Every structure is written in structure tokens, then in C-alpha cells.
Amino acid sequence: MESDPFADCVARFEPAAGVSFGHDALPDVVLGPPVGGGAAGGGMDVASLGCGGRIVLAFDGEGIVDGPGPDFIVFENPFVIGEGPETFTEPGEVAVSADGRTFHTFPCTPSGDGTFPPEGCAGVTPVFAGPDAPQIDPTDPTAAGGDAFDLADVGLSSARYVRIVDRTAEHYGDETWCGGAAGGFDLDAIASVHATEQP
Numbered sequence: 007m008e009s010d011p012f013a014d015c016v017a018r019f020e021p022a023a024g025v026s027f028g029h030d031a032l033p034d035v036v037l038g039p040p041v042g043g044g045a046a047g048g049g050m051d052v053a054s055l056g057c058g059g060r061i062v063l064a065f066d067g068e069g070i071v072d073g074p075g076p077d078f079i080v081f082e083n084p085f086v087i088g089e090g091p092e093t094f095t096e097p098g099e100v101a102v103s104a105d106g107r108t109f110h111t112f113p114c115t116p117s118g119d120g121t122f123p124p125e126g127c128a129g130v131t132p133v134f135a136g137p138d139a140p141q142i143d144p145t146d147p148t149a150a151g152g153d154a155f156d157l158a159d160v161g162l163s164s165a166r167y168v169r170i171v172d173r174t175a176e177h178y179g180d181e182t183w184c185g186g187a188a189g190g191f192d193l194d195a196i197a198s199v200h201a202t203e204q205p
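Numbering of the sequence shown is given in this note's numbering, commencing with residue 7 and proceeding in unit increments.
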């Protein structure tokens, strides 16, 4: 049986105070395939973390494994500003774990003044995979959009947990984009590129 490449459950969720967008649709809103809005409009099928908020998604049964090139994709809802190439970005720091206790963090460098892009973070690249683009494979890092990561960069051969911590305030140097129900990083989905069955 073909393995499901998407996260299966929310293992932990600690949003910032006052943030509520998409929370009534949890956990399903962040599980399964992405519902991207394309380059010009960020998707709304997301859950907001708020500034400094965090979430951990788990892969139950199938995991993320280290293979050729990127191994998993994090989908948020950035969109292109004007003619581009910059996007409106609410970046998140990504970490992975095999056991849910010890996490290995991918370097994420918010600029401090909103300069694009924040290096190594999720929430930078628009999402092209979704119901309106069934021809796009959401596990193809060359076509799906989102931000792809390679387990080899943090020295892991496999992982079952992905943690995202919002870094929006650090990126812009203030809390301009932190207020309201939808502040901070907005998680759409996480997909394993080389999904495989694990005992």
C-alpha cells in the first residue's frame, strides 16, 4: 500500500496569546495535502501560530527519510509583493526529531529589518500545489512551492516529528505583523518527499 506522505497528527500546539485563525479547524487544517493559493494570494486553509508560537506535527507510520535532495516540504501562505520576487513573509524556524524529544534545528536567520529572504526559514516560498492545481505533485520540491529541507543538513537519516517556531517579530524587528487573530506563521501542511513505511 502506498504510504501517505503528509503529517498525521498535531503532537503539540502552543500559539501566541490572542491568535485564533484556523484553530477551530484543527487538527485537520494542517494535516493532509496543502491548499495553496499560488503566487498572488496566500492560501487561507491554515492555522496561525502568532509571534513566537510553535507547533509540532508527527508522522505516524510513515516517516521522513533522507533521500536524494530535499526530504520534506513545509507549506505556509506567503504571496508575491507587486512584481516580485519578494514575498510577504512570516518566517518560521524548522526543527526535526526522530523521537519527539531531541530536536535538530535548521538554521533560520531573520533579517531584523524585513529584508527578503530570511535565510533558511519556512514561510518564504508561495504554495502552488492544491485542489486548483491537481497536476502539481505536492511532494515535488521543484514544482509544489513551499520551503524544502534536507535531513542531511542536520545529520539525521529519518525523522517523525517536525517543529515550527514563529520568527516573524525577529524578522521585521518589531511586532507590526503580530497582532490580530492571524498573526505570525500560518501553517498549511507538511509533506514528506520520500515517504516510506516504518515499523
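All C-beta atoms in this analysis are idealised placements derived from N, C-alpha and C, irrespective of residue type, glycine included.
The structure presented is a predicted model; accordingly, all values stated were derived computationally and were not measured.
Residues bridged to residue i (per DSSP)
| i | result |
| --- | --- |
| residue 172 | 98 |
| residue 110 | 102 |
| residue 167 | 64 and 103 |
| residue 128 | 98 |
| residue 93 | 86 |
| residue 80 | 153 and 196 |
| residue 15 | 64 |
Rounded distance between the beta-carbons of residue j and residue i, thought under 8 Å
| i | j | result |
| --- | --- | --- |
| residue 195 | residue 39 | 6 Å |
| residue 62 | residue 17 | 4 Å |
| residue 115 | residue 129 | No, residue 115 and residue 129 are not in contact; Cβ-Cβ is about 13 Å, not under 8 Å. |
Straight-line gap, residue i to residue j (C-alpha atoms, nearest Å)
| i | j | result |
| --- | --- | --- |
| residue 105 | residue 65 | 11 Å |
| residue 9 | residue 29 | 27 Å |
| residue 123 | residue 152 | 13 Å |
| residue 203 | residue 11 | Because the pLDDT at residue 203 is just 46, under 50, the model does not fix this residue reliably, and the value given afterwards should be weighed accordingly. Roughly 10 Å between the two C-alpha positions. |
| residue 98 | residue 53 | 13 Å |
| residue 188 | residue 25 | 6 Å |
| residue 156 | residue 32 | 27 Å |
Which of helix, strand or coil DSSP assigns to residue i
| i | result |
| --- | --- |
| residue 36 | helix |
| residue 160 | helix |
| residue 135 | coil |
key: Stretch-stretch touch, CB-based, cutoff 8 Å, three pairs: the segment 41 to 60 with the segment 161 to 180   = Verdict: yes, contact present.
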